[in-house]
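**Q** Sharing a structure, written as structure tokens. Questions coming.
There are 2 protein chains.
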Amino acid sequence: MNVHYDHIIFCQQESLPHEDFVIATYAMWMKTTDWLRRAGAIAVEQTTGTWVPVPHETPEVRRRHVGRVVAVYPVPSYEDAWPADQEEKTLIVQIAFPWKNFGHQIAEMLSSVQGNISMAGKIKLLDLEFPESFTAGFSGPQFGVQGIRELMNVPERPLILGMIKPCTGADAKTTGEIYSELARAGVELIKDDELIADPEHAPFEKRLEYCLEAGVKAEQDTGNKSIYFVNVTDRPDRMLAKARRAVELGATGLMVNVQATGFGTIAMLADMAEVKVPILSHPCYAGSSYMSPHYGIGSNLALGKFQRLDGADIVVYAAAYGKVGAIRERYIRTAQTLLSKMHDLRPTWPLPAAGMHPGMVPTVMRDLGPDIIVGCGGAMHGHPGGLEAGVQAILQSIDATLHDVPLEDAAREHKELKQALDTWGVFDPNKSIFELTQ
Amino acid sequence: MNVHYDHIIFCQQESLPHEDFVIATYAMWMKTTDWLRRAGAIAVEQTTGTWVPVPHETPEVRRRHVGRVVAVYPVPSYEDAWPADQEEKTLIVQIAFPWKNFGHQIAEMLSSVQGNISMAGKIKLLDLEFPESFTAGFSGPQFGVQGIRELMNVPERPLILGMIKPCTGADAKTTGEIYSELARAGVELIKDDELIADPEHAPFEKRLEYCLEAGVKAEQDTGNKSIYFVNVTDRPDRMLAKARRAVELGATGLMVNVQATGFGTIAMLADMAEVKVPILSHPCYAGSSYMSPHYGIGSNLALGKFQRLDGADIVVYAAAYGKVGAIRERYIRTAQTLLSKMHDLRPTWPLPAAGMHPGMVPTVMRDLGPDIIVGCGGAMHGHPGGLEAGVQAILQSIDATLHDVPLEDAAREHKELKQALDTWGVFDPNKSIFELTQ
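The listed protein sequences derive, respectively, from chains A and B.
According to our numbering, the stretch in the first sequence is residues 20 to 457, in order.
According to our numbering, the stretch in the second sequence is residues 20 to 457, in order.
Pasting the structure below:
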């Protein structure tokens, strides 16, 4: 039986009709011990109302629409036996929200599960669990892992991505030349930098024309097929217009800085009948919502679940071993969120980036599996044998890993891989972790 | 003369051609003393490129597009004379970004000024200074302070807002009845709760029909004019469709949870030729980006500048003296950002909310001036004489303040105000601050 305490409904996980609720897990910090009242206040104020009963908040309204406090776990600490007031305690709290309150959209869901409470005390949203009835209202990725494998005729191995550098400043014609170099060298997926959208010196349409032309020529000459992810980041209505125009011009992919444009903008593009191309999502600005230990949302949501729900086919994010320094559990969790079964949503490709090189490929494939996209920008451009040798070295490393061949053995037969290993070595994650704990 | 150091341009404020740059001010925390290199890395990596020179990053490209390090101020501390490495230091850093890199849009600007760096270390964006050439690319508020004054025929005093409660759960017909009560009582601006968008039990169109009808009848019967801000929060393309439909149905205002839908969505609506109604912006979810002391962006940006740039006519946010507990400087700064001269952008109404009552009105008007909207939800509904008396008490308090009459004196002539003061007292901010510092 559920217990009513003021206007709050506390219930056990087992008594909850899961299909009707999205379950939010929070970390909270409090100096008092009145945890139930605080958790209950969130459940009530983020659904039906305020503490003061108002005339139209009937028992029936409340029963159908109020949030339920499913769990409150105090995180144990030395003072836990009888926590004194004034000592800040950490709590893990689960609240179930009737999803019909917000319907099948991310913006109103965020307004509910991390709305006003985001401004009123230390609270971080760690996770959201979606029932099938909720995810059924989202199309999710149009292509996902299998779809892009079919586009590229690559059935099993990781794919390779490169980006156009310099980030900004080059004109459209030069951008096309850089694209040509990458495509001819065998880079399969080629994306704009997140810092170039539609500047005067390299307008989006011109970039698209030059790069598409370069891609077609590269394929004719070398057989190398490539997809160009052109950055359409802009005000949403202008993104819609750009996506339409891009498809008219023959675009093969789109890119969106979704953390800055807002969740919902990828689905907006993907659900347009004309847009039958994969969409790549860039994480810039994401740290503003996930980096704080005490506020905002988990990276598993910002980089993972929300992206898949929104329909990203590929998600760029920071690998654990590179220059950005993500935590290994977080980088694996994000990939899992994108790849593992989530009702009927297609899986999204994780693209762990920053600091990757051929000697690191086996570790990342062991962590995340073969359904990943490898971005080795620096290690492709910086390979002693040049860009093409850089691409070959990555492919050789992938192939060796898929066949359980140690990289050192494979390097005996492949000079490009050998050069790469001589330059960057074979990455050892255990050594890396060992060093961190010294 | 600017000094080149590696690929970095350091310059003095006076040598910067201000019209070409948006100047970002950050707080950063570092354990080393290599401040120039870190600031320089941000200026380079968030504009033209990487540390490694790439072939197409010519000196000309760099000169035109690279960020400039304008200032680095170490925040003094006891260890400041010769700061040891390993001691974390706080730095205030200013970097000038050539705005043509991102153009006239907020999403790509955020991708540049707080993009990848948001994920790579402690850094908070404190402010952005916009030149006129940049703000000229934005329409800003359609109505702003003067426009809404003209709509309401209220030339000088603060306006009064109320919201429909319960937040969610009531059906559309009941919502219309609640609207009617508010409008008849003299509430001028009436908004949906941020938690109701378009649920099955109270669809947006039905709510709109009932509330508009209630508003027309209330005006016929009582002469009280009101604007209904209907919440159109949704995926951007659906927001566009809803805004069009709302205007067809005779909507008088729109409301957007812009922190969740993304900056750019208000301008998207406001720039539609058909949408000639004011737009109210709700702050829910904003804490996810501004609450952390070390990450994200300042509340003056999230609640202030970005909203005005995006075209919000009214911005709801937390008052300093209410239950949410905003800092006084922050709440005044946000209002100033909305109201003070910003090139040709119209001023936006601040709507400081949460915990307001008639006895607090003089303090808030002294803090922010007369161009504010007063939201006294609890104090209107909870007035001993009822809702209409609650509205009268606020108007009496506003009138007394505009004429420099102490509230206690005004209460002698107005029984509604007297009842309010008897219930909630006269708020004394100095007492409040004094208590805080005990």
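Note that the Cβ used here is the ideal one computed from N, Cα and C, for glycine as well.
All of these numbers come straight from a predicted model, not from anything done at the bench.
Along the region 215-229 of chain A, where does the CB come closer than 9 Å to a CB of chain B? Name the residues.
**A** Per Cβ criterion, the list reads I215, A216, D217, P218, E219 and H220.
**Q** Residues of the region 114-139 of chain B in Cβ contact with chain A at a cutoff of 7 Å, in chain order, please.
**A** So the close ones are K119, N120, F121, G122, Q124, A126, E127, L129, S130, S131, Q133, G134, N135, S137, M138 and A139.
**Q** Could you spell out the range, first to last residue, of the beta strand (DSSP E) harbouring B:K119?
**A** First-last for B:K119: undefined, no H or E at that position.
**Q** Going straight from the alpha carbon of B:R81 to that of B:N449, what length do you get?
**A** Near 53 Å, if we compare the C-alpha coordinates of B:N449 and B:R81.
**Q** Give the single residue among B:M258, B:N243 and B:D363 whose Cα lies nearest to the Cα of B:P150.
**A** When each option's Cα is compared against that of B:P150, the closest is B:D363.
**Q** Between which two residues does the alpha helix (DSSP H) harbouring B:P255 extend?
**A** Start and end: P255 to E267.
**Q** DSSP three-state call for B:P146: helix, strand or coil?
**A** Here residue 146 of chain B is Asp; the residue named in the question, Pro, does not match the sequence. If DSSP states are grouped into helix, strand and coil, B:D146 belongs with the strands.
**Q** Near A:W70, what residues of its chain come up, given a Cβ to Cβ distance below 6 Å and the 5 sequence neighbours on each side ignored?
**A** At A:W70 the pLDDT is 47, less than 50, meaning the model places this residue with poor confidence; the figure from the coordinates comes in the next sentence. Result list for A:W70: empty, nothing under 6 Å.
**Q** Pair every Cβ in the region 262-269 of chain A with every Cβ in the region 229-238 of chain B, then say whether three or more of these pairs are closer than 8 Å.
**A** Contact between the region 262-269 of chain A and the region 229-238 of chain B is absent, because fewer than three Cβ pairs lie under 8 Å.
**Q** A:P36 touches chain B at which residues, Cβ-Cβ below 7 Å?
**A** Simply none; closest approach about 17 Å.
**Q** Rounded to the nearest angstrom, what separates A:A305 and B:S130 at their Cα positions?
**A** Computed Cα separation, rounded: 9 Å.
**Q** Can you name the start and end residues of the beta strand (DSSP E) that B:P369 belongs to?
**A** Per DSSP, B:P369 belongs to the beta strand (DSSP E) from W368 to A372.
**Q** Please classify B:V380: does DSSP put it in a helix, a strand, or coil?
**A** B:V380: helix per DSSP, three-state reduction.
**Q** Mark B:V112 as exposed unless 16 or more other C-beta atoms lie within 10 angstroms of its C-beta, in which case mark it buried.
**A** With 16 or more Cβ atoms within 10 Å of its Cβ, B:V112 is classed as buried.
**Q** Can you give me the Cβ contacts of B:N135 inside the same chain, cut-off strictly under 6 Å, excluding the 5 residues immediately before and after it?
**A** Excluding sequence neighbours, B:N135 sits near nothing in its chain.
**Q** With distance defined between alpha-carbon atoms, name the residue in B:R203, B:N120, B:I298 and B:V249 nearest to B:D240.
**A** The option with the nearest alpha carbon to B:D240 is B:R203.
**Q** Using a Cβ-Cβ cutoff of less than 8 Å, which residues in the same chain neighbour A:A126 once the five nearest sequence positions on both sides are dropped?
**A** Hits under 8 Å: G281, F282 and G283.
**Q** How many Å lie between A:I209 and A:M182 at the Cα?
**A** Straight-line Cα distance between these residues: approximately 5 Å.
**Q** For a test of the three-state rule: what should DSSP assign to A:R87, helix, strand or coil?
**A** In the structure shown, A:R87 sits in a strand (DSSP, three-state: E or B).
**Q** Less than 8 Å separating the beta-carbons of A:G55 and A:V89?
**A** Per the sequence presented here, residue 55 of chain A reads as Leu, with Gly not at that position. The answer is no: Cβ separation not under 8 Å.
**Q** Taking 8 Å as the threshold (beta carbon to beta carbon), is B:G317 in contact with chain A?
**A** No, because no Cβ of chain A sits closer than 8 Å to the Cβ of B:G317.
**Q** I'd like to know if B:N21 contacts chain A, where contact means its C-beta is closer than 8 Å to some C-beta of that chain.
**A** Model confidence at B:N21 stands at a pLDDT of 44, short of 50, so the residue's coordinates are unreliable; what they give is reported in the following sentence. No, its Cβ sits nowhere closer than 8 Å to a Cβ of chain A.
**Q** Considering just the uninterrupted stretch of the beta strand (DSSP E) at A:K210, what are its terminal residues?
**A** It spans L208 to K210 - the beta strand (DSSP E) in which A:K210 sits, taken as one unbroken run.
**Q** Using a Cβ-Cβ cut-off of 8 Å, state whether B:C395 counts as contacting chain A.
**A** No, B:C395 does not count as interfacial toward chain A.
**Q** Secondary structure at A:A337, three-state DSSP: helix, strand or coil?
**A** Strand.
**Q** Using the rule of at least 16 other Cβ atoms within 10 Å of the residue's Cβ for burial, across every protein chain shown, is A:G205 buried or exposed?
**A** Burial call: buried.
**Q** Quick check on B:Y92: buried or exposed, where buried means 16 or more other Cβ atoms within 10 Å of its Cβ?
**A** Exposed.
**Q** For B:F446, name the three-state secondary structure that DSSP assigns.
**A** It is coil, neither helix nor strand.
**Q** So which residues on chain B does A:V421 lean against when the C-beta distance must stay under 7 Å?
**A** Reading the sequence as shown, one finds Leu at residue 421 of chain A and not Val. The premise fails here: A:L421 is roughly 30 Å from chain B at the closest Cβ pair, so nothing lies under 7 Å.
**Q** Looking at chain B, is there any beta carbon in it that lies within less than 8 Å of the beta carbon of A:V294?
**A** With 8 Å as the cut-off, A:V294 does not count as an interface residue toward chain B.
**Q** Between the alpha carbons of A:C230 and A:Y198, how many angstroms are there, rounded?
**A** Straight-line Cα distance between these residues: approximately 6 Å.
**Q** Give the DSSP bridge partners of A:K108, in chain order.
**A** According to DSSP, A:K108 bridges with A:M49.
**Q** What's the gap between the Cα of B:G444 and the Cα of B:G378?
**A** Near 6 Å, if we compare the C-alpha coordinates of B:G378 and B:G444.
**Q** Report the three-state DSSP secondary structure of B:N135 (helix, strand or coil).
**A** If DSSP states are grouped into helix, strand and coil, B:N135 belongs with the helices.
**Q** What are the residues in the region 153-172 of chain A lying within 9 Å of chain B by C-beta distance?
**A** Per Cβ criterion, the list is empty.
**Q** With 16 as the cutoff for other CB atoms within 10 Å, does B:I316 come out buried or exposed?
**A** The residue is buried, with at least 16 neighbouring Cβ atoms inside 10 Å.
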